[in-house]
Amino acid sequence: MTSVEDVLRHVVEKLRPLPETLEKTEDVTARLVQRLEDVFGKGRVSVEGSFAKGTMVRGREESDIFIHFQPGFPVDEACRRVVEEGVKAVVGMGGVYRLRYASHPYVEGFVDSVRINIVPCYDAEYGKWITPVDRTPYHTAYVKKNLPPGGADHVRLLKAFLMNDNLYGAEVKTRGFSGYVCELLIIRFGSFTSLVQAASRWRPPVVIGEAKPPQETVLHLPDPVDPGRNTAAAVSLTTLSNFILKSKLFLTKPSIEYFLGDTALKAAVEGRSFLGLVFTVPNQPPDVLWGELNHTVEGLSRGLDGLGFTVVRSDRWADEKTGVMVFELESNVLPPAVLHLGPPVWSGNAERFIAEQMRKKELLAPPWVSGDRLYSLLRRRFRDSAEALQHLIQSGQASVSKHLQPHLRNAKTYRDIGALMDALTDEGKNFLKEFVRTCPRYIANYASSLSTS
-16 MTSVEDVLRH VVEKLRPLPE TLEKTEDVTA RLVQRLEDVF GKGRVSVEGS
34 FAKGTMVRGR EESDIFIHFQ PGFPVDEACR RVVEEGVKAV VGMGGVYRLR
84 YASHPYVEGF VDSVRINIVP CYDAEYGKWI TPVDRTPYHT AYVKKNLPPG
134 GADHVRLLKA FLMNDNLYGA EVKTRGFSGY VCELLIIRFG SFTSLVQAAS
184 RWRPPVVIGE AKPPQETVLH LPDPVDPGRN TAAAVSLTTL SNFILKSKLF
234 LTKPSIEYFL GDTALKAAVE GRSFLGLVFT VPNQPPDVLW GELNHTVEGL
284 SRGLDGLGFT VVRSDRWADE KTGVMVFELE SNVLPPAVLH LGPPVWSGNA
334 ERFIAEQMRK KELLAPPWVS GDRLYSLLRR RFRDSAEALQ HLIQSGQASV
384 SKHLQPHLRN AKTYRDIGAL MDALTDEGKN FLKEFVRTCP RYIANYASSL
434 STS
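Take -16 as the starting number for the sequence shown in this note's numbering and just add one per residue.
Right, here's the structure in full:
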């Protein structure tokens, strides 16, 4: 059997950025820094993130350039200046840009295929943060000082291990491990192998360090730069549970597929029922949009359940233009009649139940007694899942976020998974494939290894 260390040696060679890519990233970054220093002054511009720390993964090369302002400078004005000058710098180098939003606006640029983020921050004193990103330069310095020799490769291994099953990224849409959390875990445990050995024995909630976190915490990893802050607060129970199980299975049956695999989507839709919505999305900051998507998909799932369509699973995805909600149901079409359970005959509500049922237009069979309970048979209001979903949206009877409501009213509904796939971009198709697959890649890889061993 292939050993863990053999697998890691093979994988890490594929994760290190290529020398020519690093050289291009360094060149683009240096030229942008020079342009921005000409505007903001020397010492006011710094390079942060995985590029500065040397922990980038091949294929995800990017550089974060921070513009520093003194405390007291208005936040709105700092953002305005960085956006204005950042756009000029990117366009001046022949690049393209778009505005992105986190805690405040920033510029995402692409120059010679290199992705650059230009972000405003403050030279805040230690612990006296004005904006969330003011910690970032301290994070960079801490990681560069404390990452063990060869630790960058172990960070890359951890990132790839997480990325391959969509467990990487602290955004609301993922609720996974951030790059900084990956770096802190390698600093804490010393190596990728030591980390997954420990993680394979974890049972949530997991507390790393001496702190006593709030009861609802799933994973607690204090920020050495700001000990009162939990760097892993974004990690959901599902993400952590997947990481724990994936660590167990990897140690049992090591394989490069846990890092680089892409189990082919097979004919997995036979006998299953799917319902999808495709719609335009409002122009909102990502965290706001994803919060509303989460709220809405949960509200529509409850609404479908209430109309008799049992929702097995549901999920959502969006890019800057298009949103998707997809539901897997026990069935897309229900029988014409539904059995309605009434109260026990000895209940004070028995007479009222009989009277109410007899007045209903949808009554097919009047009340009868079976055992000690009353029952009636009603004509089902909606037999088709797509009609039921449209009713929930148009009538406002489901809990839907107000900013999404007008967009959902114009949404297109799909019951055919192939037609839904055709309506999506490549990234949307990947989301849908993962939803249909149900089984995370690492479990599929493990199951495959069992059948061949």
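We put the CB at the ideal spot given by N, CA and C, even for glycine.
Being a predicted model, the structure only gives us computed values, none of them experimental.
{"Asked": "In the DSSP assignment, what residue or residues form a beta bridge with residue 100?", "Found": "47 and 91"}
{"Asked": "Just grab the DSSP bridge partners of residue 323 for me.", "Found": "359"}
{"Asked": "Do residue 120 and residue 65 have their C-beta atoms closer together than 8 Å?", "Found": "no"}
{"Asked": "What span of residues does the beta strand (DSSP E) with residue 210 cover, start to end?", "Found": "209 to 213"}
{"Asked": "On the premise that residue 10 lies in contact with residue 30, defined as a C-beta separation below 8 Å, what is that separation, rounded to the nearest angstrom?", "Found": "Actually they are not in contact, since the Cβ atoms of residue 30 and residue 10 sit about 13 Å apart, beyond 8 Å."}
{"Asked": "Comparing alpha-carbon positions, which option in 202, 198, 196 and 195 lies nearest residue 185?", "Found": "202"}
{"Asked": "Suppose contacts are defined by Cβ-Cβ distances below 8 Å. Is residue 45 in contact with residue 4 by that definition?", "Found": "no"}
{"Asked": "Just verifying my parser: in three-state terms, what is the DSSP assignment at residue 199?", "Found": "coil"}
{"Asked": "By Cβ distance below 6 Å, which residues in the same chain neighbour residue 290 in space, the five residues on each side in sequence not counted?", "Found": "365 and 371"}
{"Asked": "Using C-beta distances below 6 Å, list every residue in its chain close to residue 81, excluding the 5 sequence neighbours before and after it, in chain order.", "Found": "91"}
{"Asked": "When the distance is taken between beta carbons, is residue -15 closer than 8 Å to residue 269?", "Found": "no"}
{"Asked": "Assign residue 230 to buried or exposed, taking buried as 16 or more other Cβ atoms, counted over all protein chains shown, within 10 Å of its Cβ.", "Found": "buried"}
{"Asked": "In terms of residues, what are the limits of the beta strand (DSSP E) holding residue 29?", "Found": "28 to 31"}
{"Asked": "Please classify residue 79 as buried or exposed, where buried requires at least 16 other C-beta atoms within 10 Å of its C-beta.", "Found": "exposed"}
{"Asked": "Among all the DSSP beta bridges, which residues are the ones paired with residue 206?", "Found": "209"}
{"Asked": "So who's on the other strand from residue 311, going by DSSP bridges?", "Found": "257 and 296"}
{"Asked": "CB-CB under 7 Å to residue 321, same chain, minus the five flanking residues each way: which ones, in chain order?", "Found": "291, 361 and 363"}
{"Asked": "Taking only the alpha-carbon atoms, compute the straight-line gap between residue 311 and residue 241 and give it to the nearest angstrom.", "Found": "26 Å"}
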